[in-house]
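Number of protein chains: 2
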Amino acid sequence: MTINESFGIIIFGASGDLALKKLFPAIFFLYSKKHFKSKFYILGTGRTKFENDVFKKRIKNFLVNENKENNEHIDSFLKNINYVSINPFVEDDYNKLVTLIKDYNAKFNFAENLLFYLATPPSLYSIISKNLFYHNLNNENKGWKRIIIEKPFGHNFNSAVELNNELLKYFKEEQLYRIDHYLGKETVQNILVTRFSNTIFEPVWNRNYIHHIEITAAEDQGIEGRAGYYDNYGALRDMVQNHLMQLMALIAMEPPSEISSGSIRNETLKVFQSLLPLQENEIEKYVVRGQYSANTIRNNNIKGYRQEEGILPDSKTETYVAIKCYIENWRWNGIPFYIRTGKRLPTRVTEVVIHFKFPPHKMFCNSEKYNANQLIIRIQPDEGILLKFGLKVPGMGFKVKTVDMDFHYKELSDITLPSAYERLLLDCLQGDSTLYIRNDALEATWKYIDPILRAWSENKKIPLYSYPAGTWGPVASNNLFEDSNITWRYPCKNLSNDNYYCEL
Amino acid sequence: MTINESFGIIIFGASGDLALKKLFPAIFFLYSKKHFKSKFYILGTGRTKFENDVFKKRIKNFLVNENKENNEHIDSFLKNINYVSINPFVEDDYNKLVTLIKDYNAKFNFAENLLFYLATPPSLYSIISKNLFYHNLNNENKGWKRIIIEKPFGHNFNSAVELNNELLKYFKEEQLYRIDHYLGKETVQNILVTRFSNTIFEPVWNRNYIHHIEITAAEDQGIEGRAGYYDNYGALRDMVQNHLMQLMALIAMEPPSEISSGSIRNETLKVFQSLLPLQENEIEKYVVRGQYSANTIRNNNIKGYRQEEGILPDSKTETYVAIKCYIENWRWNGIPFYIRTGKRLPTRVTEVVIHFKFPPHKMFCNSEKYNANQLIIRIQPDEGILLKFGLKVPGMGFKVKTVDMDFHYKELSDITLPSAYERLLLDCLQGDSTLYIRNDALEATWKYIDPILRAWSENKKIPLYSYPAGTWGPVASNNLFEDSNITWRYPCKNLSNDNYYCEL
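Written as structure tokens, this is what we have:
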């Protein structure tokens, strides 16, 4: 897939970490993999003053370090980059930008296709959009204009609606690309392909055959210096409202009529609209929150959340959250979706587990380890797919035990997975918003999350459990399962190595 | 599983290859794996005169050679064996047997449980049964009496009925154990467990989701000195009427109400009864036969069938046969089962391939190698199960390619698979006839096969194709597929390495 028309990318917050570590590398890889058939330029902007050379040198150092073996294209890539310092609040500063863009268009005959990437704090989204609007940089008469913004998109339903309304004064919804980098991951997109390119899965992908579904995003790290952001948001806003609810939608959605941004996003929206709304007075029944406490793991002292730098010793912010959701439609009614995420868990893993029901007729003797079928879709690490199924125990009689059939993406060793940012940037440059969040879906997810946030802040009786760093979160999270024989799966780095608590 | 009561095994044809290479080793392994809690004896009988010691020495040599590492139990095993020479046609000779058995019962306090194994040509089944009957050795008043016979059970419908009627004069059906060693194989039995202990397979195991099914039993060897037998029977009688039709029944049957010989054999019978009967005048449409011709493979000259020792140069016996069958019931109507077997094919493999239909809505671009789902059950070698499914091609867009998820029995490395004869002998000693062929099923399979045999012998226009040794049989066998885009799968020794012609 290639971009055939010339374009410019204008990055706000270009001196920040996101731009340096994710955006420039992603654009570089798209460039070196020949996805750009046309000429392009990148304008970095930020409040900091940089000489062009200094700015480029910084990018070069990063790229060279990251790509020791394959850096032949770096110098030619850097020629397309310039830096211009802009104070986003100062309207006049944007004239510098306008002049540069006009130069490219007039002198170098560029098409007026512009992608604005707002790698800035969300508090700047509105002012930047407004100023771009004032300078006519939203105008698509002579080429497309698109704007990418990063989460958080608001901190609750009202603020999300407010932000949307503000942005929509200056740009059309079709020009707004709300990025969720989870949707850029190969294995997340593969959920759609696995479900809808195979005859064998879709017939059993419903309440008749599925018992429950688990979606886990575990991190072994703590907050890694992001105290200011994290303590204001917490696990529910940081992970569930966006990444995990999007994952759930891909697992639960009806087949779209086609692979297009309209069809797919209509179907995900329907999932969010079908969620059983949580009542504030029953939050405890559906949601468990936790916060990690200090622990010693392999002789390392790990700080508790409240001891992290920048966190107040009485912070109530959750670093773990588990939710039981129901989707009230023909396909899923009565089938719980268990979602959990947390920091300082035993390992870093994101996976979906489809737990099928037991066969309706128990015909064979079971050996100890026999379980119902499970389909495990591993998003990261060790991307792959695993099917747990019953097989005859070799020997006399008819005993069953559970064995694993698996496929690992790394078996396709000829292919390197594109990073989420590569995928998403290329999609945006092509005007494909399939993997970006639409405003209606954004508002629907906040609508679901809002009662939890309100209950937590208003009802002091709802416990905030403590869990030692390096464990699988509060034991109370198992109470979400109606059947006491069922617990969470405890995944490890190894796709098939379940029921095992890893050490950090 | 253990046999708790004492018993005797009387082997007719005890000096033959089957007894030496299969039966004694199987009984030895059952013994050394402690499946016999009680005492037991084995009486070998045959026309040849042997001293007891010479007879035992022969068995010992074989066992020692086969079990270099684990032969500590051989000598104690041999103590349970005796030989008595009997001419099966001479009624008086059986008195020697009666005397020996009485001795065991009286002197050593054996229970009168007797298993007669007829490892003889089928022409002797009737006379031996009659003489056992005359000497009251069918009488179960004081312990069970069972008789195992080996295929061929007749050479067409009438002769099979005749043989059944004859045997049933002397023994009850419940005492008759018609062995089909295919049913003793782990992976064959695993078909039942795979189908009925997993929630995910049964819902798609029908005409709504399956496109067609292939059952292949390929041998790379020729007739290996068995010209006399083989030339009279051919591939259809030797493999299809028994092994492959039994395999088909396990794949196609309805769930039995329990794992018992009655339930399972009732269900397999229903499959045979539901087969669309072939009309003699349309055999060519459903059946292709072939015979291997000479070929040079890796510089070895391989004889054609008609050049094999003991085969007439104008033999019409088929060494390859492929059949398209339909099962006319609610589950399978309209779904073809393709069955093939042959000698001198490129490799030795037995496998079942469930070809699922394409998804009803083609949503994604397909990369070259994309196919519909296939579930491959490998019976031998490299026993295992493989699922071919569509996965997203890593990279931009939504392309699908087919990848493999597999499980190999050898991954259960702690377990050695019992041989088919071990399994089946132990079952018979326990009185479990689940994996033996019942007379009604036997007759039903011959009923299906008979029109093919008649057409072949009466209609000289039906071609007998020649195929070079080491190839996958007559090209005409592909004409059985209605869709010209579909061909047989060409399996190799490696479970996942399809579409590849192996050299011999």
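Sequences listed follow chains A and B, in order. So for the first sequence, the working numbering puts the first residue at 672; every next one is plus one. So for the second sequence, the working numbering puts the first residue at 672; every next one is plus one. Note that CB positions come from ideal geometry on N, CA and C, so glycine has one too.
Any C-beta of chain B under 8 Å from that of residue i
{"i": "A:A1043", "result": "yes"}
{"i": "A:D1111", "result": "no"}
{"i": "A:S868", "result": "yes"}
{"i": "A:K1081", "result": "no"}
{"i": "A:N675", "result": "no"}
{"i": "A:F678", "result": "no"}
{"i": "A:P984", "result": "no"}
{"i": "A:M924", "result": "no"}
{"i": "A:E929", "result": "yes"}
Below-8 Å beta-carbon distance, residue i vs any chain A residue
{"i": "B:N1168", "result": "Bear in mind that the predicted position of B:N1168 carries a pLDDT of just 41, short of 50, making it unreliable; the figure below should be weighed with that in mind. Cβ-Cβ to chain A under 8 Å: no for B:N1168."}
{"i": "B:V1146", "result": "no"}
{"i": "B:R1094", "result": "yes"}
{"i": "B:V875", "result": "yes"}
{"i": "B:V1071", "result": "yes"}
{"i": "B:D724", "result": "no"}
{"i": "B:M919", "result": "no"}
{"i": "B:C1173", "result": "The pLDDT assigned to B:C1173 is 37, lower than 50, so where the model puts this residue is not dependable; a value taken from the coordinates is nonetheless given after this. B:C1173 does not count as touching chain A."}
{"i": "B:V1024", "result": "no"}
{"i": "B:H914", "result": "no"}
{"i": "B:N1156", "result": "no"}
{"i": "B:N758", "result": "no"}
{"i": "B:Q1051", "result": "no"}
{"i": "B:N937", "result": "no"}
{"i": "B:T1021", "result": "no"}
Pair within 8 Å by beta-carbon distance, residue i and residue j
{"i": "B:D651", "j": "B:T791", "result": "For residue 651 of chain B there is no data in the structure shown, the boundaries of chain B being 672 and 1175."}
{"i": "B:N723", "j": "B:N753", "result": "yes"}
{"i": "A:A1043", "j": "A:K1033", "result": "no"}
{"i": "B:A690", "j": "B:L940", "result": "no"}
{"i": "B:A1112", "j": "B:K856", "result": "no"}
{"i": "B:I681", "j": "B:F748", "result": "no"}
{"i": "B:G1005", "j": "B:T990", "result": "no"}
{"i": "B:M1067", "j": "A:M672", "result": "yes"}
{"i": "A:V1020", "j": "A:T887", "result": "yes"}
{"i": "A:F824", "j": "A:K1118", "result": "no"}
{"i": "B:T719", "j": "B:I935", "result": "no"}
{"i": "A:N1149", "j": "A:T1158", "result": "yes"}
{"i": "A:R1015", "j": "A:G1141", "result": "yes"}
{"i": "A:I819", "j": "A:Y853", "result": "no"}
{"i": "B:A1126", "j": "B:I954", "result": "yes"}
{"i": "B:Q846", "j": "B:K816", "result": "yes"}
Anticipated Cβ contact below 8 Å, residue i with residue j, distance rounded
{"i": "B:I998", "j": "B:E1022", "result": "Not really, about 19 Å apart at Cβ, beyond 8 Å."}
{"i": "A:P1008", "j": "A:C1036", "result": "A small correction: the amino acid at residue 1008 of chain A is Phe; Pro does not occupy that position in the sequence shown. Rounded, the Cβ-Cβ distance is 33 Å, inconsistent with contact."}
{"i": "B:A782", "j": "B:G814", "result": "5 Å"}
{"i": "B:Q917", "j": "B:D985", "result": "33 Å between Cβ atoms; not a contact."}
For residue i, the residue or residues it bridges with in DSSP
{"i": "B:K1033", "result": "Partner(s): none; B:K1033 has no beta bridge."}
{"i": "B:F760", "result": "According to DSSP, B:F760 bridges with nothing at all."}
{"i": "A:A889", "result": "A:G1013 and A:V1020"}
{"i": "A:V992", "result": "A:R960 and A:T1012"}
{"i": "A:M1076", "result": "A:L1058"}
{"i": "A:G715", "result": "A:I682 and A:Y754"}
{"i": "A:N1156", "result": "According to DSSP, A:N1156 bridges with nothing at all."}
{"i": "A:R1049", "result": "A:E1022 and A:G1055"}
CB contact below 8 Å: residue i versus chain C
{"i": "A:F699", "result": "In summary, chain C is missing from the structure at hand, where the protein chains are A and B."}
Using 8 Å as the cut-off, can you tell me whether the segment 907 to 923 of chain A makes contact with the segment 1057 to 1074 of chain A, which would need three or more C-beta pairs spanning the two stretches below that distance?
No, because fewer than three Cβ pairs between the segment 907 to 923 of chain A and the segment 1057 to 1074 of chain A fall closer than 8 Å, the two stretches do not touch.
Would you be able to state if there are at least three C-beta pairs under 8 Å between the segment 1071 to 1078 of chain B and the segment 1074 to 1082 of chain A?
Under the 8 Å Cβ criterion, the segment 1074 to 1082 of chain A counts as touching the segment 1071 to 1078 of chain B, having at least three qualifying pairs.
Count the CB pairs spanning the segment 982 to 996 of chain A and the segment 858 to 870 of chain A that are closer than 8 Å, and state whether there are at least three.
Counting Cβ pairs under 8 Å, fewer than three are found: no touch.
Determine contact between the segment 878 to 897 of chain B and the segment 823 to 840 of chain B, defined as no fewer than three beta-carbon pairs at a distance below 8 Å.
No, because fewer than three Cβ pairs between the segment 878 to 897 of chain B and the segment 823 to 840 of chain B fall closer than 8 Å, the two stretches do not touch.
Could you tell me whether the segment 838 to 855 of chain A touches the segment 793 to 803 of chain A, using the rule of 3 or more Cβ pairs below 8 Å?
Touching, yes, given that three or more Cβ pairs across the two stretches are closer than 8 Å.
I'd like to know if the segment 1122 to 1137 of chain A and the segment 952 to 965 of chain A are in contact, where contact means that at least 3 CB-CB pairs between them fall below 8 Å.
Pairwise C-beta distances place the segment 1122 to 1137 of chain A in contact with the segment 952 to 965 of chain A, as three or more of them are shorter than 8 Å.
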